[in-house]
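J.: Going by numbering that gives the first Met the number 0, the sequence shown opens with residue 0, and the numbers climb by one from there.
We treat Cβ as the ideally placed atom computed from N, Cα and C, and that holds for glycine.
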Amino acid sequence: MAALIDLVDPLSWLLMACLVVLAAFLQGVGGIGFAMLVAPIAALIFPQLVPGPLLALGGSVSLLAALRERQHIVPNVVVCALGGRATGSLIAVLGMTQLPIAAVNLGFAFAILGAVALSAWGLRILPSTRNMILAGIASGIMGTLTSVGAPALAIAMQNLAPAQLRASLGLILFLGASLSLVLLMLVGLFSLQQAMLSIVLYPFMLLGFALSGQLRHQVSLPLMRRLLLGICSISALVLIARTLWH
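(1) Tell me which same chain residues have a C-beta within less than 7 Å of the C-beta of V237, skipping the five on either side of it?
(2) So, does the stretch 222-239 touch the stretch 169-185, judging by three or more C-beta pairs under 8 Å?
(3) Figure out for me which residue from A116, L36, V92 and N158 has the closest Cα to the Cα of M131.
(4) In chain order, what residues of the same chain have a beta carbon less than 7 Å from the beta carbon of L196, not counting five sequence neighbours either side?
(5) From L188 to A114, what does the alpha carbon distance come to, in whole angstroms?
(6) Return the chain-ordered list of same chain residues with a C-beta closer than 6 Å to the C-beta of P202, the five sequence neighbours on each side being excluded.
(7) Out of V20, I154 and G135, which one is the CA nearest neighbour of L122?
(8) On a CA-only basis, which of S211, G30, M35 and S179 is nearest I72? Give me that one, please.
(9) Could you tell me which of R84, A80, A149 and V186 sits nearest to F33, measuring between CA atoms?
(10) Are the CB atoms of F208 and L66 nearer to each other than 8 Å?
(11) Flag this pair as yes or no: are the beta carbons of A134 and L112 separated by less than 8 Å?
(12) Distance, Cα to Cα, R69 vs S138?
(13) Using the rule of at least 16 other Cβ atoms within 10 Å of the residue's Cβ for burial, across every protein chain shown, is G27 buried or exposed?
(14) What residue range is occupied by the uninterrupted alpha helix (DSSP H) comprising G207?
(15) Quick test of your reading: S88 and F45, contact by CB under 8 Å. State the CB separation rounded to the nearest angstrom.
(16) For S118, tell me which candidate among S232, A41 and A16 has the shortest Cα-Cα distance.
(17) If we call anything under 8 Å between Cβ atoms a contact, is M156 one with L168?
(18) For the alpha helix (DSSP H) that contains G87, what are its first and last residues?
(19) Is the beta carbon of A101 sitting closer than 8 Å to the one on I171?
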């Protein structure tokens with residue numbers, strides 16, 4: 000463990016610990032935000048965390064959110080999204096060496112921005128069977144390639160009640176992240192060393208989630224929608240910038 004910690008300078012560890020606390024808090028309140036906040040910065044200063052360790056951390060905080068409000072889970076939404084997510088994850092893993100990753104990233108980022116714009120202008124996007132399957136496919140592809148799979152799901156689920164959204168999305172993201180991790184392990188892209196890196200950051204994830212406990216009750220549906228659309232927009236813009244920068 001000490002050898003793993005020594006691989007990264009102390010300042011980077013401190014920054015990542017603070018980011019994990021903030022991101023877990025944000026996900027505990029709004030249902031998404033963990034990977035969207037951490038992944039772009041980790042890719043720059045702590046690339047060892049992307050994608051496997053961040054999927055492990057993000058999946059864990061998603062499970063905690065689902066368990067905390069499990070009575071609000073919407074089964075049909077979860078089943079449809081998971082079917083799509085499994086398909087998308089398989090597509091991503093099989094195509095990792097063949098897909099033009101930059102083009103895929105840009106395509107999804109602009110699609111998310113388009114959906115945000117339509118939502119902001121009044122289009123009412125509902126979590127129908129078709130929408131959840133399509134959102135699940137997009138989530139599976141992006142989650143496996145970049146650790147950021149929540150925006151497509153959040154767009155499709157934005158009109159659920161806040162507790163329903165947090166619980167259902169949490170369960171979807173946990174199971175989806177677990178599937179992505181298994182697939183990454185099968186192709187040799189998630190090692191024991193990477194798992195140990197995520198374990199080091201687990202206490203900070205737990206702290207951030209615990210801090211979100213009371214504030215989540217004060218989030219109304221309109222505020223939740225604004226929060227989700229804002230986070231999704233920022234995530235898409237960061238993904239565009241990161242893709243073009245590289």
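T.: The structure says:
(1) If you number the sequence shown from 1, residue 237 lands on position 238. Contacts found: P39.
(2) no
(3) Position 132 of the sequence shown, counted from the start, is the residue given in the question as residue 131. Answer by Cα proximity: N158.
(4) In the sequence shown, counting from the first residue as 1, residue 196 sits at position 197. Same-chain partners within the cutoff: L3, Q47, L48 and P52.
(5) Within the sequence shown, the letter at position 189 stands for residue 188. Within the sequence shown, the letter at position 115 stands for residue 114. So the alpha carbons of these two residues sit roughly 32 Å apart.
(6) Within the sequence shown, the letter at position 203 stands for residue 202. Within the same chain, P202 has no close Cβ partners at all.
(7) The residue labelled residue 122 in the question sits at position 123 within the sequence shown. Nearest of V20, I154 and G135 to L122, Cα basis: I154.
(8) Here residue 72 is taken as the residue at index 73 of the sequence shown, counted from 1. It is G30.
(9) Taking the sequence shown and counting its residues from 1, the one referred to as residue 33 is at position 34. Closest option to F33, Cα to Cα, is A149.
(10) Mapped onto the sequence shown, residue 208 falls at position 209. Mapped onto the sequence shown, residue 66 falls at position 67. No, Cβ-Cβ distance for F208 and L66 is not below 8 Å.
(11) For the purposes of this step, residue 134 is taken as the residue at position 135 of the sequence shown. For the purposes of this step, residue 112 is taken as the residue at position 113 of the sequence shown. No, these two residues do not count as a Cβ contact at 8 Å.
(12) Walking along the sequence shown from the start, residue 69 turns up at place 70. Walking along the sequence shown from the start, residue 138 turns up at place 139. Their backbone Cα atoms lie some 22 Å apart in a straight line.
(13) Within the sequence shown, numbered from 1, the residue matching residue 27 stands at position 28. With 16 or more other Cβ atoms within 10 Å, it is buried.
(14) As a position in the sequence shown, residue 207 is number 208, starting the count at 1. Per DSSP, G207 belongs to the alpha helix (DSSP H) from L191 to L210.
(15) Numbered from 1 along the sequence shown, position 89 holds the residue referred to as residue 88. Numbered from 1 along the sequence shown, position 46 holds the residue referred to as residue 45. Wrong, their Cβ atoms sit about 23 Å apart, outside the cutoff.
(16) As a working note, residue 118 is residue 119 in the sequence shown. Of S232, A41 and A16, the residue nearest in Cα terms is S232.
(17) Taking the sequence shown and counting its residues from 1, one reaches residue 156 at position 157. Taking the sequence shown and counting its residues from 1, one reaches residue 168 at position 169. Yes.
(18) As a position in the sequence shown, residue 87 is number 88, starting the count at 1. Looking at the DSSP string, the run of the alpha helix (DSSP H) that includes G87 is P74 to L93.
(19) Your numbering for residue 101 matches position 102 in the sequence shown. Your numbering for residue 171 matches position 172 in the sequence shown. Not a contact, by the Cβ cut-off of 8 Å.
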